[in-house]
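There are 2 protein chains.
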Amino acid sequence: MAAYVPPVDDVAFLLGRVFGFDQAMADLPGYEEVNTDLAVSVLEEGGKFCAGVLEPLNRTGDEEGCTLTDGRVTTPKGVAEAYRAFVEAGWCSLSGDPEYGGQGLPRVLQILLDEMLSSANLSFGLFPGLTRGAVEALGHHASAELKATYLPKMISGEWTGAMALTEASAGTDLGLLTARAVPNGDGSFAITGTKIFISSGDQDFGGNVVHLVLARLPDAPKGVKGISLFLAPKILVEADGTLGARNRMSVGALEHKMGIHAQPTCVMNYDGATGWLVGEPGRGLNAMFTMMNAERLFVGIQGLGIAEAANQKAVAYARERLQGHGADGTAGPVPIISHPDVRKMLLKGRAFAEAARALAVWTALQMDIAVHHPDADTRREADALVALMTPVVKAAFTDFGFETAVASQQVFGGHGYIREWGMEQYVRDARIAQIYEGTNGVQAMDLVGRKLGLDGGKVPARFFALVKADLDAALPIVGADLVTPAADALARLEGATARLSTQGGAIEAGAAATDYLRLFALVSFGWMWVRMAAAAADMGEAAPPAAARKTALARFFMARMLPETLGLDAALGHGASSLMALPADAF
Amino acid sequence: MAAYVPPVDDVAFLLGRVFGFDQAMADLPGYEEVNTDLAVSVLEEGGKFCAGVLEPLNRTGDEEGCTLTDGRVTTPKGVAEAYRAFVEAGWCSLSGDPEYGGQGLPRVLQILLDEMLSSANLSFGLFPGLTRGAVEALGHHASAELKATYLPKMISGEWTGAMALTEASAGTDLGLLTARAVPNGDGSFAITGTKIFISSGDQDFGGNVVHLVLARLPDAPKGVKGISLFLAPKILVEADGTLGARNRMSVGALEHKMGIHAQPTCVMNYDGATGWLVGEPGRGLNAMFTMMNAERLFVGIQGLGIAEAANQKAVAYARERLQGHGADGTAGPVPIISHPDVRKMLLKGRAFAEAARALAVWTALQMDIAVHHPDADTRREADALVALMTPVVKAAFTDFGFETAVASQQVFGGHGYIREWGMEQYVRDARIAQIYEGTNGVQAMDLVGRKLGLDGGKVPARFFALVKADLDAALPIVGADLVTPAADALARLEGATARLSTQGGAIEAGAAATDYLRLFALVSFGWMWVRMAAAAADMGEAAPPAAARKTALARFFMARMLPETLGLDAALGHGASSLMALPADAF
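Which chain is which? The protein sequence lines are A and B, in order.
Numbered per the UniProt record's numbering, the first sequence spans residues 1 to 587.
Numbered per the UniProt record's numbering, the second sequence spans residues 1 to 587.
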């Protein structure tokens with residue numbers, strides 16, 4: 001099996017040639033020293049860790065899985081050591097707040113590292129990913145005292161984080177949750193309840209596990225307005241910052257899952273666990289969403305990561321596997337990569353992964369601008385674009401990521417179904433990303449129900465204008481062959497958006513949601529392909545290998561993937577009526 | 001978890017109302033006694049066995065898996081007993097040749113039973129399914145002596161069958177296989193070689209396992225023309241028909257697979273195993289294809305079976321799971337089946353499963369006509385339609401079947417990812433059907449490379465004319481709302497077919513294949529929906545529940561699924577060039 005190769009060449013192309021990363025950073029106070037060379041050298045090192053340390057643990061971790069013995073979680077062989085080495089090397093703190101010991105590097109670098117983590121070992125990547133999400137929520141909403149106590153250790157990675165939201169009867173609808181938090185009279189609370197599906201709910205790396213738990217105060221109203229957020233550590237922290245007694249929480253069971261076997265996904269019992277309020281009472285969901293939005297982007301990147309890795313393996317296999325004669329008449333056996341249908345499967349994965357990486361970099365850049373730009377309007381506009389793109393990245397990257405994993409497995413034929421080759425693990429692992437952190441259906445509802453209405457609809461309009469301007473600018477460079485299909489698809493998306501805003505209503509929105517989100521994603525990928533092709537054309541003769549094939553991939557995308565927008569647009573045009581006609585008992 | 005409900009009501013509607021089964025059978029000598037009532041009562045009984053005996057073993061079989069100890073295969077608890085009860089009840093011999101003890105019932109009943117077997121327990125269904133495929137090949141190609149010795153026991157199910165084709169370096173390209181067969185001088189051959197991925201390669205039910213093995217004679221030419229087919233039993237059969245000594249073959253290992261864990265998929269070692277030639281030397285692939293075509297239809301039905309079961313579970317869950325408020329303003333929590341996006345996932349599965357069942361019945365009817373009709377031209381025409389439809393059923397049913405399993409799992413949210421609910425097993429089990437018996441890419445190549453050219457292209461033309469005639473006939477009954485989209489999609493398919501025949505060439509065919517097959521399948525489903533809606537409309541007030549919702553499902557299919565043909569058509573129109581541009585080392 002070919003080893004995973006971190007896509008550092010493509011990163012250099014994207015940052016240096018497509019997104020003008022050096023200038024973008026120069027515009028952000030504090031980031032003047034950050035540039036493409038720095039990013040590439042950081043990611044080269046990170047890539048070595050991912051490919052050299054984490055990928056070798058991917059299949060063994062899947063086979064061994066996690067175990068729970070006498071209430072103690074054991075992760076698969078090698079995982080704890082790898083985690084400690086990861087922390088030791090400083091990878092946890094890459095983008096962390098320098099006030100609490102972080103390195104304060106841009107989001108752009110973080111998401112590119114996240115992709116490599118996800119390619120190498122999805123289960124492992126969840127540990128730092130969830131910790132970072134918890135840090136995000138605490139950073140925005142926790143008291144100074146909680147921040148001082150917890151953030152340094154969490155940012156370094158010495159302590160890990162977990163988010164405890166879901167209960168057996170409260171998943172998508174968190175308003176139904178029943179966990180309770182009763183004041184202890186000393187500023188702390190006693191939290192009682194059972195949570196399920198808690199990723200990284202415990203570990204055996206040492207340190208502490210910091211749970212962010214949603215629960216209800218005694219006088220809380222029903223529904224989401226009665227939910228508050230609490231910090232409850234596995235081990236109570238003494239006044240001097242050292243670890244004290246165990247808190248009253250325990251792992252009730254490990255979930256038996258389709259994949260991510262190296263992740264201890266826990267049923268957590270809180271039996272009067274001591275916790276502290278984070279943010280205001282009744283505003284827990286709001287605080288948790290700070291964490292969840294960061295997590296949603298992270299989960300989208302997981303879809304990209306799996307796609308990149310699975311596609312790489314499939315390409316390597318297709319170059320070596322000899323079957324059949326050539327479609328051009330070459331006597332067989334020939335490498336199966338010469339068969340058009342195999343090429344199509346491989347090209348779809350590649351065209352998705354590279355467009356998604358570009359879109360992820362663009363989105364992360366908006367996040368950096370939203371935090372660091374000196375101009376308040378610019379920050380606000382960037383923040384709104386991130387909000388718009390978050391559900392698209394989460395849902396589309398994980399849907400296409402899963403499809404890429406399945407197609408990459410298909411390239412292996414029967415060998416893809418056998419565990420030894422590792423391809424079926426990608427499919428099983430990729431599947432969770434479509435489900436957790438809000439199912440992809442929930443993401444689509446977020447897009448049509450909330451994000452399209454941001455700033456009275458001006459945010460999507462601004463996004464479409466931005467895409468159109470880029471397409472227009474690229475026209476003289478890459479020609480109508482590439483730009484016209486992308487512009488036509490954009491027009492379809494604008495039409496669908498207009499129909500949604502005029503025909504309105506929650507039923508039409510719900511009926512449109514997932515098709516609309518996919519249309520939105522395909523248009524965004526087309527935009528990225530035009531930008532990448534234009535950047536490659538700009539380089540002329542000097543184009544490095546990672547850039548030279550961009551035009552060919554862009555053409556493939558326009559010819560064989562973007563046409564899906566025609567069907568989506570037509571289906572959207574038919575609206576909700578055919579979905580709502582059948583009574584529930586007649587299905 | 002809701003129990004699987006065999007779709008006998010829908011079967012009664014299809015046979016009685018859509019396909020005029022009673023008249024169709026009356027036209028076939030020997031089948032005058034067969035009618036809808038008989039079929040329904042047979043399938044009701046079969047359904048009871050599937051739901052009552054086989055489904056309860058589905059998840060336990062997945063959890064326990066098969067084991068190999070000292071060369072002996074052990075299937076999961078309960079499977080051997082269930083198999084013997086299945087044989088005892090006569091289910092193996094349903095459509096078997098009466099000359100060898102079979103009940104000789106039509107293919108239509110067989111495929112409907114196969115669907116229920118696949119819904120209840122895919123792993124189990126492979127045992128009788130593969131035996132039947134082997135019977136098919138032997139029935140057409142083996143000597144009278146071999147047939148007399150083996151067919152009665154195989155048709156009864158007392159002995160099982162396996163097909164041993166694949167080797168580590170010869171999968172899709174069987175021309176590369178290296179297993180050898182050397183004459184023993186007594187009419188038998190000594191077979192030596194290793195085969196992989198051999199489903200039902202062994203079992204612990206008792207009786208015998210009859211292997212059909214592809215191997216090369218000593219003087220055989222290279223490639224497919226040097227391949228011959230041999231029958232090699234696990235236990236040698238004495239002259240009096242009793243079981244004698246063990247043959248020189250052994251199970252080298254059980255494959256570790258993504259799914260179908262209750263199936264002992266074997267690495268088989270033949271160490272000078274005694275075998276007998278089936279058919280002519282060098283014509284092994286031809287003989288094997290008799291088996292494989294039957295198997296390909298069976299595998300397509302597996303996709304349908306999984307889709308039906310997974311969709312049923314998702315519908316039941318969506319009726320009971322309460323989350324969120326209603327899109328129509330109803331205060332929450334409401335059953336999630338009222339959410340438009342959940343409905344869409346459920347309706348897609350239902351609209352696929354019912355169209356696929358109808359198409360399967362139509363195809364099986366052609367198979368019955370191809371064998372039993374008194375008129376030779378009618379037989380030949382029906383046989384050609386079956387040949388045309390075989391790759392479509394195999395590939396499209398398994399692709400849509402997998403997609404339905406994935407969507408049904410999605411309806412469960414996080415619970416779908418947990419093993420306890422059984423939904424993730426459907427996804428893992430469904431996945432194999434896209435790969436084995438010729439990958440779905442190979443099916444698509446078969447469609448565009450061979451089947452479109454049948455009888456100089458007259459066979460697809462005749463099929464399109466038949467669809468068009470049905471659409472025209474339905475127009476006054478169901479109206480343009482339903483017929484026009486189906487007719488438009490048919491026009492797209494005819495256009496794509498014409499382009500393929502004029503632009504020709506293996507590269508264009510390969511580049512078009514999978515998109516073309518999907519377009520073909522969607523058109524076929526649309527055709528079936530028009531026919532079903534027309535039949536339901538014909539019933540007027542008398543429509544039973546299974547028919548009453550047909551119109552609603554037909555409308556949904558036309559509005560939200562058939563538009564995919566627009567994108568497929570446009571992608572096909574772009575041809576092969578964008579697929580072939582990138583050199584193999586530039587991926």
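We treat Cβ as the ideally placed atom computed from N, Cα and C, and that holds for glycine.
Under the three-state reduction of DSSP, isoleucine 336 of chain A is assigned to helix. Under the Cβ distance rule, glutamate 564 of chain B counts among the residues neighbouring chain A, one pair being separated by less than 7 Å. Under the 7 Å criterion on CB atoms, alanine 511 of chain B is classed as interfacial with respect to chain A. Secondary structure in the segment 266-328 of chain A: the beta strand (DSSP E) runs of 3 residues or longer, each lying completely within the stretch, are 266-278 in chain order. Taking the CA atoms as reference points, alanine 364 of chain A sits about 60 Å from arginine 216 of chain B. Closest by C-alpha distance to alanine 360 of chain A, out of A/Asp9, A/Val442, A/Arg431 and A/Phe19, is A/Phe19. Exclusion of the five residues before and after arginine 321 of chain A leaves Ile336 as the residues of its chain whose Cβ lies within less than 6 Å of its Cβ. Distance from the CA atom of glutamine 110 of chain A to the CA atom of leucine 94 of chain A, rounded to whole angstroms, is 7 Å. Along the segment 146-214 of chain A, the beta strand (DSSP E) occurs as fully enclosed runs of 3 or more residues at 160-164, 180-183 and 189-198, listed in sequence order.
Listed as beta-bridge partners of lysine 257 of chain B by DSSP are A/Ile418. With a contact defined as Cβ atoms closer than 8 Å, alanine 181 of chain A and isoleucine 196 of chain A miss out at about 18 Å.
The C-beta distance from valine 251 of chain A to glycine 201 of chain A rounds to 6 Å, short enough to meet the 8 Å contact threshold.
In the structure shown, arginine 518 of chain B adopts helical secondary structure according to DSSP, grouped into three states.
Under the three-state reduction of DSSP, serine 250 of chain A is assigned to strand. Residue pairing for arginine 216 of chain B: DSSP places it in a beta bridge opposite B/Arg180 and B/Ile227. For the segment 413-425 of chain B, the beta-carbon criterion of a distance under 7 Å to any beta-carbon of chain A is satisfied by Gly413, Gly414, Gly416, Tyr417, Ile418, Arg419, Glu420 and Glu424. Note that the C-beta distance between glycine 300 of chain B and phenylalanine 397 of chain B is below 7 Å. Sequence-distant partners of glycine 223 of chain A (beyond 5 residues in either direction) whose C-beta falls short of 8 Å from its own C-beta, in its chain, are Gly175. For threonine 172 of chain B, the chain A residues whose C-beta falls within less than 7 Å of its own C-beta are Gln323, Gly324 and Gly413, listed in chain order. Neighbours of tyrosine 436 of chain A across chain B, judged by C-beta separation under 7 Å: Gly414. A Cβ-Cβ separation of about 4 Å places phenylalanine 525 of chain A in contact with alanine 355 of chain A under the 8 Å criterion. At a Cβ-Cβ threshold of 7 Å, leucine 562 of chain A and leucine 522 of chain A count as neighbours. Shown in chain order are the members of the UniProt domain "Acyl-CoA oxidase/dehydrogenase middle" (162-271) of chain B whose Cβ falls below 7 Å from a Cβ of chain A: Thr166, Gly171, Thr172, Asp173, Leu176, Phe197, Glu255, His256, Lys257 and Met258. What serine 338 of chain B touches in chain A, judged by beta-carbon distance under 8 Å, is Ala584, going in chain order.
Taking a C-beta cut-off of 8 Å against chain A, the contacting residues of the segment 440-474 of chain B are Asn440, Gly441, Ala444 and Met445, listed in chain order.
Residue burial is scored here from C-beta neighbours: threonine 69 of chain B has fewer than 16 other C-beta atoms within 10 angstroms and is therefore classed as exposed. Threonine 242 of chain B sits in coil when the DSSP states are folded into three classes, being neither helix nor strand. Listed in chain order, the non-local C-beta contacts of glycine 46 of chain A below 7 Å within the same chain comprise Trp91, Leu113 and Met116, local neighbours out to five positions each way being set aside. In terms of Cα proximity to alanine 584 of chain A, the closest of B/Ser338, B/Leu231, B/Ala430 and B/Glu255 is B/Ser338. Not one beta carbon of chain A lies nearer than 7 Å to the beta carbon of phenylalanine 397 of chain B. Proximity of proline 333 of chain A to chain B, defined by a Cβ-Cβ separation below 7 Å, is satisfied.
Within the model, the alpha-carbon separation for alanine 168 of chain B versus threonine 60 of chain A is close to 24 Å. Within the segment 343-407 of chain B, complete beta strand (DSSP E) segments of at least 3 residues are not found at all. Taking a Cβ-Cβ threshold of 7 Å, the residues of chain A close to isoleucine 507 of chain B are Ala327, Asp328 and Pro340, in chain order. Within the same chain, Cβ atoms closer than 6 Å to the Cβ of arginine 296 of chain A are found at Thr390, Lys394 and Glu437, the five residues on either side in sequence being excluded. Assignment of beta-bridge partners to proline 485 of chain B by DSSP yields no partner.
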